[in-house]
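For reference, the structure discussed in these notes is given below.
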Amino acid sequence: MEYDFDRIQQKWLARWEQTKPFQVDDDGNAKPRKYILDMFPYPSGDLHMGHAEAFAYGDIVARYWRQQGFNVLHPIGWDSFGLPAENAAIKRGTDPREWTYANIAQQKASFKLYGNSFDWSRELHTSDPEYYKWNQWLFLKLYEKGLAYRKDSWVNWDPVDQTVLANEQVLADGTSERSGAVVVKKKLTQWYFKITDYADRLLDDLNQLEGSWPAKVIAMQRNWIGRSIGADVDFVIEGHPTPVTVFTTRPDTLFGATFMVVAPDSELAAELAAGSTPEVQEAFAAYLEQVQKSTEVERQDAGREKTGVPLGRWAINPVNGERMPVWTADYVLADYGHGAVMAVPAHDQRDLDFAIRFGLPVRVVVDTNAPVTGAIPVITPEMLEAGDLPAQNPFETGVALSGAGRMINSGPLDGLSKQNAIQRVIELLESAGTGRAAKTYRLRDWLISRQRYWGTPIPILHAEDGSLHPVPESELPVRLPASAGLDLKPKGKSPLGAASDWVNVTLPDGRSATRDPDTMDTFVDSSWYFLRFLDPNDDTRAFDPKNADKWAPVDQYVGGVEHAILHLLYARFITKVLFDLGYLNFTEPFSAVLNQGMVLMDGSKMSKSKGNLVEFASELSAHGADALRLTMAFAGPPEDDIDWADVSPTGSAKFLARAWRISGEVTSSPEVEWKGGDLALRRQTHRLLADAPGLLEAFKFNVVVARLMELVNAIRKTIDAGPGAGDPAVRESIEAVTVLLSLFSPYTAEDMWERLGYEGSVAFAGLRKPDPTLLVEESITAIVQVDGKVRDRLEVSPTIHADELERLARASEAVARSIGDREIVNVIVRAPRVVNIATKG
Numbered sequence: 001m002e003y004d005f006d007r008i009q010q011k012w013l014a015r016w017e018q019t020k021p022f023q024v025d026d027d028g029n030a031k032p033r034k035y036i037l038d039m040f041p042y043p044s045g046d047l048h049m050g051h052a053e054a055f056a057y058g059d060i061v062a063r064y065w066r067q068q069g070f071n072v073l074h075p076i077g078w079d080s081f082g083l084p085a086e087n088a089a090i091k092r093g094t095d096p097r098e099w100t101y102a103n104i105a106q107q108k109a110s111f112k113l114y115g116n117s118f119d120w121s122r123e124l125h126t127s128d129p130e131y132y133k134w135n136q137w138l139f140l141k142l143y144e145k146g147l148a149y150r151k152d153s154w155v156n157w158d159p160v161d162q163t164v165l166a167n168e169q170v171l172a173d174g175t176s177e178r179s180g181a182v183v184v185k186k187k188l189t190q191w192y193f194k195i196t197d198y199a200d201r202l203l204d205d206l207n208q209l210e211g212s213w214p215a216k217v218i219a220m221q222r223n224w225i226g227r228s229i230g231a232d233v234d235f236v237i238e239g240h241p242t243p244v245t246v247f248t249t250r251p252d253t254l255f256g257a258t259f260m261v262v263a264p265d266s267e268l269a270a271e272l273a274a275g276s277t278p279e280v281q282e283a284f285a286a287y288l289e290q291v292q293k294s295t296e297v298e299r300q301d302a303g304r305e306k307t308g309v310p311l312g313r314w315a316i317n318p319v320n321g322e323r324m325p326v327w328t329a330d331y332v333l334a335d336y337g338h339g340a341v342m343a344v345p346a347h348d349q350r351d352l353d354f355a356i357r358f359g360l361p362v363r364v365v366v367d368t369n370a371p372v373t374g375a376i377p378v379i380t381p382e383m384l385e386a387g388d389l390p391a392q393n394p395f396e397t398g399v400a401l402s403g404a405g406r407m408i409n410s411g412p413l414d415g416l417s418k419q420n421a422i423q424r425v426i427e428l429l430e431s432a433g434t435g436r437a438a439k440t441y442r443l444r445d446w447l448i449s450r451q452r453y454w455g456t457p458i459p460i461l462h463a464e465d466g467s468l469h470p471v472p473e474s475e476l477p478v479r480l481p482a483s484a485g486l487d488l489k490p491k492g493k494s495p496l497g498a499a500s501d502w503v504n505v506t507l508p509d510g511r512s513a514t515r516d517p518d519t520m521d522t523f524v525d526s527s528w529y530f531l532r533f534l535d536p537n538d539d540t541r542a543f544d545p546k547n548a549d550k551w552a553p554v555d556q557y558v559g560g561v562e563h564a565i566l567h568l569l570y571a572r573f574i575t576k577v578l579f580d581l582g583y584l585n586f587t588e589p590f591s592a593v594l595n596q597g598m599v600l601m602d603g604s605k606m607s608k609s610k611g612n613l614v615e616f617a618s619e620l621s622a623h624g625a626d627a628l629r630l631t632m633a634f635a636g637p638p639e640d641d642i643d644w645a646d647v648s649p650t651g652s653a654k655f656l657a658r659a660w661r662i663s664g665e666v667t668s669s670p671e672v673e674w675k676g677g678d679l680a681l682r683r684q685t686h687r688l689l690a691d692a693p694g695l696l697e698a699f700k701f702n703v704v705v706a707r708l709m710e711l712v713n714a715i716r717k718t719i720d721a722g723p724g725a726g727d728p729a730v731r732e733s734i735e736a737v738t739v740l741l742s743l744f745s746p747y748t749a750e751d752m753w754e755r756l757g758y759e760g761s762v763a764f765a766g767l768r769k770p771d772p773t774l775l776v777e778e779s780i781t782a783i784v785q786v787d788g789k790v791r792d793r794l795e796v797s798p799t800i801h802a803d804e805l806e807r808l809a810r811a812s813e814a815v816a817r818s819i820g821d822r823e824i825v826n827v828i829v830r831a832p833r834v835v836n837i838a839t840k841g
């Protein structure tokens with residue numbers, strides 16, 4: 001028979017469908033447990049090459065731990081709510097459900113053909129009411145705890161998809177990660193989860209994940225949370241009823257503050273402008289309109305010319321009583337700190353750029369040994385305008401004094417270092433009741449409202465008087481109404497608001513109310529799905545805490561680095577909330593994370609427009625699942641990108657055919673005694689058995705595949721040139737190959753296992769332990785050098801003592817000739833491999 005991947009696939013696919021070998025049986029199972037999870041896919045169409053890579057790696061890990069004797073949970077589901085389905089349905093004039101579930105059926109068939117060892121009995125879809133019922137339950141738990149709230153604020157608005165975005169969904173260039181459109185600001189009343197209450201824990205608990213999560217992911221999360229330590233300082237604004245609090249990381253420079261800047265899109269700016277002159281109000285309104293057309297990225301561009309308008313108000317510096325003009329400028333953001341900053345232009349580049357642009361005073365308060373220090377503590381607007389500045393003054397080139405030094409022109413702080421000055425000024429502020437030590441974060445609360453149809457309805461009722469009423473748990477799920485008759489086209493408000501029969505309800509006391517028309521961000525769905533896999537068919541609770549105790553947290557999570565902030569951060573937050581609520585006994589959801597690289601073609605990301613798209617289905621049809629999976633594993637470290645132009649699924653198929661043929665040539669029985677077989681082949685086999693666990697647990701899949709290829713070649717040589725196919729070592733070696741190959745190419749391995757005379761699945765055969773006696777080398781080649789040049793090679797015992805190795809080296813004729821009559825001045829011995837002899841004369 002010839003190797004026929006299609007015949008083998010169909011044979012074993014039917015067998016697996018019948019036997020369900022990977023369905024977890026946890027009743028009375030004494031095996032240790034492992035929970036292996038892949039980031040579940042979005043059903044936007046058939047699987048693509050990125051899926052082929054990521055899910056190959058996850059399956060290798062799951063199959064490895066089964067071979068090591070673990071009871072492995074490896075589930076699959078679909079992240080099936082979201083904008084792509086809704087947009088596709090609008091484009092095609094169909095129901096989002098039809099489009100979504102048709103794609104799920106296609107992906108499911110592809111997954112099964114790809115040979116993934118999923119427990120299909122736990123399959124879930126986040127768009128099923130049986131799932132999103134528990135999203136609503138989770139929302140209500142956060143609402144009860146004060147972690148879900150509604151507020152009116154400026155939000156990120158996607159003008160194409162006509163919905164709000166969380167900060168995490170706005171890319172670095174200011175565009176939407178959904179539609180690619182430039183994000184704008186819009187004022188709306190929205191629902192938020194109070195993730196900032198967990199900022200310190202989210203940051204500090206990253207220390208637990210060092211070494212088991214990719215360093216890049218940990219760094220990205222730390223930067224996103226962005227904790228800053230400093231002080232809150234209270235400034236009195238003349239004519240304003242309450243002090244304005246400003247956060248600063250440099251309270252030591254308070255004596256250098258010469259003006260205040262307020263974010264134009266903050267409530268404070270509007271209040272201050274409203275209390276000023278009509279001219280200021282008019283200028284502010286025009287400026288705010290201008291600012292709203294800019295993205296946050298543009299506003300934060302350091303090289304952009306500063307803009308702003310005065311608000312006609314004065315703030316009082318709490319440490320020296322000086323009056324400071326209050327401006328509004330777009331380089332200050334409403335959601336950083338308290339939306340206002342004290343400007344210290346001598347020591348902050350953005351503030352200096354603004355001061356020079358508008359002729360505001362500059363005061364030096366840190367001695368950085370620059371020429372200006374001590375000579376001119378204050379640069380007035382008149383001096384700036386006239387250019388009347390000292391020679392070599394750094395401000396002439398617009399460079400702020402950012403260096404370290406001692407405090408000057410700062411009253412009681414003069415002469416102190418930065419840290420001592422920070423501590424002292426905080427003490428002064430606290431004693432005066434005008435400030436205190438504080439922290440702030442880059443992280444903002446998670447905005448979960450979405451103005452679209454295809455998502456989880458928010459379980460809140462709005463009474464006519466504006467009061468909010470949670471839907472009782474007994475009435476969950478709040479089901480989505482049918483899309484028929486609804487206009488799903490994005491128009492800035494949720495289509496659900498037009499479903500009159502659905503949205504209009506009556507409260508228990510008889511009053512009229514309406515359902516909240518928004519749906520939840522789909523990242524809510526994926527923030528806890530790993531727990532639902534534990535009890536996917538339980539209609540009485542989201543999950544059983546006892547099952548969570550047994551299986552969770554996830555031992556190994558596999559997926560793309562593109563989810564380093566969004567998904568992983570939200571999942572960590574929800575896990576900590578559930579821990580605080582008493583449902584979980586752990587605080588981190590994923591013990592270890594593996595990120596895969598991208599699959600490229602000719603050095604570029606695959607796309608139809610570039611003409612370099614490689615289709616998963618066509619590759620699967622041409623080469624078979626096993627060759628495709630093996631190619632992914634052999635291409636390189638998982639975290640590296642794979643260029644499909646540089647790999648060879650054809651070569652992988654040829655290797656599989658060679659291994660498969662050998663399994664059919666073996667003539668010895670499964671009960672044969674191995675000890676008498678070819679010793680060299682047995683040594684090579686047992687070295688692989690010894691090395692494979694460490695390599696696989698370090699995700700060096702490519703190294704294991706390379707070693708398998710070497711071993712198959714060695715088996716072939718033994719058959720052809722040695723004792724032949726009946727040699728017990730041949731059976732021992734090809735069995736080891738088969739078990740390891742089952743991690744990468746399960747169809748071929750199953751067929752080989754059967755051809756070798758075994759019943760049952762090779763997936764549970766067990767990775768054999770190496771024989772220690774076969775790992776000991778009989779001899780090692782020791783190098784002898786004289787004055788840095790190799791003069792002889794000695795075959796010695798691996799356990800040879802240094803003194804004996806030196807004696808043999810000195811006794812070597814080649815070494816003696818090389819030394820001649822020169823004096824030996826030093827001998828360095830590194831037994832059993834090297835002897836270095838140094839001479840003179």
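According to the UniProt record's numbering, the sequence shown is numbered sequentially starting from 1. Glycine is no exception: its CB is placed at the ideal position from the N, C-alpha and C atoms. The model shown is predicted, which means the values in this text are computed figures rather than measured ones.
- In summary, Met-752 is buried, with 16 or more beta-carbon neighbours lying within 10 Å of its beta-carbon over all protein chains present.
- Judged by their CB atoms, Arg-716 and Ser-668 are not nearer to each other than the 7 angstroms cut-off.
- Here Ala-571 is buried: its Cβ has 16 or more other Cβ atoms, across all protein chains shown, within 10 Å.
- Under DSSP, Phe-247 shares a beta bridge with Asp-232.
- Secondary structure in the region 517–605: the beta strand (DSSP E) runs of 3 residues or longer, each lying completely within the stretch, are 556–560, 593–596 and 599–601 in chain order.
- Here Phe-699 carries a coil assignment [DSSP, helix/strand/coil].
- Following the DSSP letters along the chain, one finds Met-342 inside the beta strand (DSSP E) bounded by residues 340–343.
- A contact is defined here as three or more CB-CB pairs under 8 angstroms, and the region 192–211 meets this definition with respect to the region 565–579.
- Taken in chain order, the complete beta strand (DSSP E) segments of 3 or more residues contained in the region 147–207 are 148–158, 163–165 and 184–193.
- Per DSSP, Asn-826 is one residue of the beta strand (DSSP E) stretching across 823–830.
- At least 7 angstroms separates the beta-carbon of Pro-589 from that of Val-672.
- Pairwise C-beta distances place the region 632–642 in contact with the region 584–603, as three or more of them are shorter than 8 angstroms.
- By the 16-neighbour rule on beta-carbons within 10 angstroms, Ile-824 is exposed.
- Less than 7 angstroms separates the beta-carbon of Pro-517 from that of Gly-497.
- By the Cβ-count criterion, Arg-222 is exposed, with fewer than 16 other Cβ atoms from all chains shown falling within 10 Å of its own Cβ.
- Excluding its 5 nearest sequence neighbours in each direction, Val-790 has C-beta neighbours in its own chain below 8 angstroms: Ile-783 and Val-784, listed in chain order.
- A direct Cα-to-Cα measurement between Val-344 and Ala-437 gives close to 19 angstroms.
- Look at Thr-242 here: in three-state DSSP terms it is coil, with no helix or strand label.
- Between Arg-479 and Leu-138, the alpha-carbon positions lie close to 15 angstroms from each other.
- In the DSSP annotation of this structure, Val-672 is not part of any alpha helix (DSSP H), being labelled neither H nor E.
- Straight through space, the alpha carbons of Pro-481 and Arg-515 are spaced by roughly 12 angstroms.
- Under the DSSP definition of a beta bridge, Gln-785 partners with Val-790 and Asn-836.
- The C-beta of Met-342 has 16 or more other C-beta atoms within 10 Å across all chains shown, which makes the residue buried.
- Contact between Arg-629 and Phe-744 holds: CB atoms are separated by about 6 angstroms, below the 8 angstroms threshold.
- Note on geometry: alpha-carbon atoms of Asp-787 and Thr-839 lie some 7 angstroms from one another.
- Annotated as proximal: Pro-770 and His-686, with beta-carbon spacing under 7 angstroms.
- In the DSSP annotation of this structure, the continuous segment of the beta strand (DSSP E) that includes Thr-506 starts and ends at 504–506.
- Contact between Thr-738 and Ser-663 holds: their C-beta atoms lie close to 7 angstroms from each other, under 8 angstroms.
- Leaving aside the five residues that flank Tyr-42 on each side, the residues in its chain whose CB is nearer than 8 angstroms to its CB run, in chain order, Trp-78, Asp-79, Ser-80, Gly-82 and Pro-84.
- Our two residues, Phe-586 and Tyr-149, have alpha carbons roughly 26 angstroms apart in a direct line.
- Membership of Val-730 in the alpha helix (DSSP H) is indicated by the continuous run 728–744.
- For Thr-514, the secondary structure class from DSSP, reduced to helix, strand or coil, is strand.
- A Cβ-Cβ contact shorter than 7 angstroms links Val-365 with Phe-255.
- Assignment of beta-bridge partners to Lys-439 by DSSP yields Ile-229.
- Taking 7 angstroms as the cut-off, the Cβ atoms of Tyr-747 and Trp-157 do not count as close.
- In the structure shown, Leu-486 falls within a coil segment according to DSSP collapsed to helix, strand and coil.
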